[in-house]
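Residue numbers (full-length UniProt numbering): 1 to 372.
Structure, as structure tokens:
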């Protein structure tokens with residue numbers, strides 16, 4: 001802080017996380033940033049009180065947490081030698097903006113006229129835009145080339161968000177850019193067959209996209225004919241736009257193209273639309289939610305050190321891995337988290353009782369808030 005009592009930045013510190021550090025939890029990343037700062041500026045922070053302005057009170061979290069992993073415990077010891085005071089981060093006050101505007105007032109100020117004479121015209125334009133969105137389709141295309149062969153993929157996305165995949169195996173030699181054009185043409189032909197009038201086309205080939213937009217010149221003789229075909233197909237639509245899309249955001253079309261390039265197809269095959277789901281836990285964990293049979297909890301085998309009947313060697317290995325994080329306290333089975341916190345394992349009856357208690361507490365708090 002300077003003599004005129006204004007805060008001035010002295011150091012700007014930054015660090016790029018390596019691969020293993022990218023797997024830290026969000027709170028661990030914040031603590032890592034704090035430890036880096038204290039280490040770099042230790043010659044200043046060792047002899048003075050430091051204010052930590054942040055949304056989270058990291059020193060309190062590290063000092064008062066009962067269970068910390070090895071990394072966080074080491075950071076806790078390193079942080080104990082500094083005098084750090086947490087100060088909550090406040091938003092910029094509204095009067096700061098008012099003071100700024102007041103200090104720069106215009107002498108020849110003219111009041112604004114908010115009357116808009118063309119309100120009806122504005123209403124018609126907005127209506128036409130909404131109608132266009134209702135009929136707007138999207139097309140993603142991509143190609144894949146490898147030692148096995150070449151393949152192309154395209155996906156039509158309806159205004160409702162439904163995905164319709166198309167894929168094709170190329171049994172002729174072609175460059176990557178030629179395959180990109182083939183994928184685009186396949187998607188456009190499918191859109192014309194479905195009588196789509198408004199289409200947004202996305203691809204991860206900057207060369208193809210900007211050539212079709214007319215921003216780049218097409219010099220390769222092999223691509224000139226492809227460009228003419230695409231420009232001819234565009235005339236079948238009322239409106240077509242081309243946009244570049246990074247490869248990370250075009251994964252579905254890339255997967256379809258890779259699938260076509262890797263398999264051998266002797267004749268055209270019609271495959272039903274692909275159904276994609278998301279599993280947030282291993283398959284064996286979903287069995288916990290099933291109804292328990294024979295009055296035994298789901299962890300009965302682990303609790304009694306037994307293997308289920310007809311268990312294979314792989315099943316036994318999976319059970320041993322699961323049991324490695326379990327701690328038995330009398331008749332109570334606990335599962336150890338990564339931060340060494342023990343979680344009690346409960347059966348279906350206890351689970352139902354706990355959920356009822358939590359729901360009752362939430363309803364009670366909600367009623368009390370309404371009465372207040």
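Just so it is clear, CB atoms sit at the ideal spot from N, CA and C, and this is done for glycine as well.
On the DSSP letters alone, give me the boundaries of the alpha helix (DSSP H) that residue i sits inside.
i	result
residue 75	70-79
residue 261	251-262
residue 35	26-40
residue 180	176-193
residue 301	300-303
residue 228	221-234
residue 61	58-64
Measure the beta-carbon distance from residue i to residue j and round it to whole angstroms, keeping in mind my assumption that it falls under 8 Å.
i	j	result
residue 137	residue 198	7 Å
residue 79	residue 38	7 Å
residue 167	residue 257	7 Å
residue 41	residue 11	7 Å
So, using beta-carbon positions, are residue i and residue j closer together than 8 Å?
i	j	result
residue 156	residue 190	yes
residue 327	residue 342	yes
residue 240	residue 201	yes
residue 152	residue 186	yes
residue 261	residue 177	no
residue 203	residue 164	no
residue 50	residue 84	yes
residue 307	residue 319	yes
residue 35	residue 75	yes
residue 192	residue 143	no
residue 338	residue 69	yes
residue 254	residue 247	yes
residue 56	residue 82	no
Among all the DSSP beta bridges, which residues are the ones paired with residue i?
i	result
residue 164	156
residue 244	203
residue 326	335
residue 312	Residue 312 pairs with nothing; no bridge assigned.
residue 214	Beta-bridge pairing links residue 214 to no other residue.
residue 169	151
Kindly say whether residue i, judged by its beta-carbon, lies nearer than 8 Å to any beta-carbon of chain D.
i	result
residue 255	In the structure shown, chain D cannot be found, because there is only a single protein chain.
For the beta strand (DSSP E) containing residue i, list its first residue and its last residue.
i	result
residue 143	136-145
residue 88	84-88
residue 54	50-54
residue 46	Element bounds for residue 46: n/a, residue is neither H nor E.
residue 344	342-344
Report yes or no: do three or more beta-carbon pairs, one from the stretch 155-173 and one from the stretch 213-222, lie closer than 8 Å? no
Is the stretch 55-70 close to the stretch 14-33, with three or more CB pairs under 8 Å? yes
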